[in-house]
Structures are given as structure tokens and as C-alpha cells.
Amino acid sequence: SESRLHLADALRAGWRVLSADGSALDAVQAAVVVLEDSPHFNAGHGAALNEASEHELDASIMDGASLAAGAVCAVRRIRNPVIAARAVLDRAQAVLLAGTAADDFAERQGLAMVQPDYFTTQRRVEALRVVQARMASGIAQQSSEAEKHGTVGAVARDIHGHLAAATSTGGFNNKPSGRVGDGPIIGAGTYAKDGACAVSCTGQGEIFIRRVAAYGL
Ligand code: GLY
């Protein structure tokens, strides 16, 4: 399937960085950008729609060598949220920027900006329609795993032994407006520390936040 091809493309993008003696941090960013650009994953183009039929995207990245981290949450206009997370890591006096201020930061940084409908695919429109119809009729039927999740992430270890992790997501179909998941929360959805772990989570974010799922000593 095309989603498998795009997964292979993501692996290659990360590998290209690592094999040229690049950093784990650059490798995970390169891999996640490919998955954000693919319509088949719940991040960037193809992300889930919230209850208001809007996209609010979350992303983060962490450098296991320095424990530097950057993240954005509930952003609407940044073409590649993981690149914005990296810009926060590199250039913001913050670890996590939220909402329109994060969009504005990315724009000032010269990142590619899009109209919100760039992220929308027919599949997500249909998935939102189905879940909202189901809730309106009171039928408590579970969505398929593929429709519930699809957050993307990457972890890498470079030639110097440094670790990094990155995560990007649209959350889940019909999520509440303003809901922020585990993806941009360091220690919940993403964590990297040299000699310990590099972790990127996919699944029900609320559980990962409560259990600090990605954290490693
Ligand atoms: N794990 C993705 C989310 O819950 O937003």
C-alpha cells in the first residue's frame, strides 16, 4: 500500500541523514516530515479533525544528548509542525509554544505556512461524519485502530551514540476543541536521553500523559 511506501520513504530520509554523519536530531525530523506530508497518517496533511471540523496539530522533538526539547501544540497553519518544534528547540526561549502564538512564531521563523484546509483529506471528513453520526444516535461502537490513532514518530541513534525522538499528530477524530495530547508533552509522548531511551508514543494520549509513558531515567 502507499502508506507502507511512505513509511519506507521516511526511513530512508532518516537514514540519509545518519549515513552522512548527520545528527539523530536531524534524522528524526527528516523522517517525521515525510510522514506529515503523506496523506495516510494522522499528522500534517491527513490529520484528524476535531469536533469543530478543525485541525489542531501537536508536535515535539527532543535531543537526547543535551535534553533540549521543542514542541508546538494546537497549531493550525504550519505546514510541518515538527519543523516548528525544531525551531522552538533551536531558537525560542521556551520548550512549548501553543496555538496562534506558535503559528505566528513559525511564520516569523520563515517556515512554510498553509491554509488550514491543506491538512484536510476526504478520509478524515468521512471519519468525522461517521463518529459524529454514531454519537448522535447513541451507538457506542468503537472506531477501528487505524481511525483512532495514526500519530507519527521517529527515534534514532547517530554515529556518535546520541539519541533523539520526534512525534507529530492531529490527535484523534472528533477530539474536543483545544484538547492537547501527549505528543507535545515531553516525558509523555516524546522523550530522549542518551544512554537511557528514545521514545515516541502513539495511542490514547490521555493515558500517556497520566502515566508519563515516554519518560526514561
Ligand atoms: N497520541 C496522540 C494523541 O493522543 O494526541
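Position in the sequence shown (from 1) plus 927 gives the number in this note's numbering.
From the three backbone atoms N, C-alpha and C, an ideal C-beta is built for every residue, glycine too.
Contact check, residue i vs residue j, beta carbons under 8 angstroms
i	j	result
L1055	L984	no
A951	I988	no
A970	A1091	no
P966	R1004	no
A1140	A1115	yes
I1145	A996	A query on residue 1145 cannot be resolved here, the shown segment of the chain reaching from 928 to 1144 and no further.
G1108	T1117	no
A1033	A1014	yes
A1125	D990	no
G1080	V959	yes
H982	G1097	yes
CA nearest to the CA of residue i, picked from the options
i	options	result
A1001	L1024, D1085, N969, T1094	L1024
R931	G949, A957, L962	L962
A947	A995, G1116, R1051, I1086	I1086
M1062	Q956, R943, D936, E978	E978
A1123	H1089, N1007, T1078, E1034	H1089
T1048	A1021, G1143, A974, A995	A974
L994	P1008, A935, D1017, S980	D1017
A933	G949, A957, G1105	The question names Ala, but residue 933 is His in the sequence shown. Taking only the C-alpha atoms, the option nearest H933 is A957.
P1103	R1137, V1057, S980, D1031	S980
G1026	P1008, G1037, A1039, L1038	P1008
F968	A937, I1134, Q1020	A937
L945	H972, C1128, V1082	V1082
C1128	Q1059, T1078, L1144	T1078
L1144	R1138, M1040, D1121	D1121
I1010	I1066, D964, S928	D964
D1030	V1022, V1041, A1021, Q1020	V1041
Sheet register partners of residue i (DSSP bridge)
i	result
G997	I988
S1095	A986, V1079
A1119	A1125
I1086	DSSP lists no partner for I1086.
I1145	Only positions 928 to 1144 of the chain appear in the structure, and residue 1145 is not among them; the question remains open.
N977	K1102
Integer-rounded CB distance, given that residue j should sit under 8 angstroms from residue i
i	j	result
S1095	A986	4 angstroms
Y1045	R1006	7 angstroms
R1051	N1100	7 angstroms
Cβ of residue i within 8 angstroms of any chain C Cβ
i	result
R1137	Although the question refers to chain C, the structure presented lacks it and comprises just one protein chain.
**Uninterrupted alpha helix (DSSP H) stretches inside the stretch 993-1072 (no shorter than 4 residues)** = 1008-1018, 1026-1035, 1049-1063
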